[in-house]
Amino acid sequence: MATNAEMGRAGEEAAASYLTTVGLRILDRNWRCRHGEVDIIGVDGDIVVFVEVKTRSGDGYGTPAEAVTPAKAQRIHRLAGLWLAERSGPWVPVRFDVVEVVIADGRGPLLSHLRAAF
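Once you know that position 30 of the sequence shown is 116 in the working numbering, the rest is easy, because the numbers rise by one and skip nothing.
Here it is in structure tokens:
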């Protein structure tokens, strides 16, 4: 049985691979500052996309996206502002996505990409 950390890493790897396949150019992974972490930051055309990856072994506790609470979304918004402030460029459009990953025993990961989730 995988630990939560191992499952989380596997989910982030699956999400990054999927996002690259659908055309997202990944700029940063697991970007951290003292206020928190953003799982994946990328560019989709001219839009900077901040992605929260939620991985579960099943839906017994609800869908993975349901774990993105309003407080978590607010924290990611704040982190996005800090990440953008480090790069003193022009204003750019941003989007906040969630990638749900369900890794069930004996099956490959099932992914769902929620664009503009919050």
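For each residue, glycine too, the CB sits at the ideal point set by N, CA and C.
- The beta carbons of Val139 and Ile126 sit closer together than 8 Å.
- With respect to Ala203, Ala151 sits close: the two C-beta atoms are nearer than 8 Å.
- Listed in chain order, the beta strand (DSSP E) elements of length 3 or more contained wholly in the region 105 to 137 are 111 to 119 and 122 to 130.
- Using a Cβ distance threshold of 8 Å, Asp130 and Leu110 count as a contacting pair.
- Judged by DSSP secondary structure, Glu172 falls within the alpha helix (DSSP H) whose first and last residues are Pro156 to Glu172.
- Pairing Val187 with Ile162 gives a Cβ-Cβ distance that is not under 8 Å.
- Membership of Arg181 in the beta strand (DSSP E) is indicated by the continuous run Val180 to Val188.
- DSSP, reduced to helix, strand and coil, places Gly148 within a strand of the structure shown.
- With a 10 Å radius around the Cβ and a threshold of 16 neighbouring Cβ atoms, Thr141 comes out buried.
- Our two residues, Asn90 and Gly97, have alpha carbons roughly 10 Å apart in a direct line.
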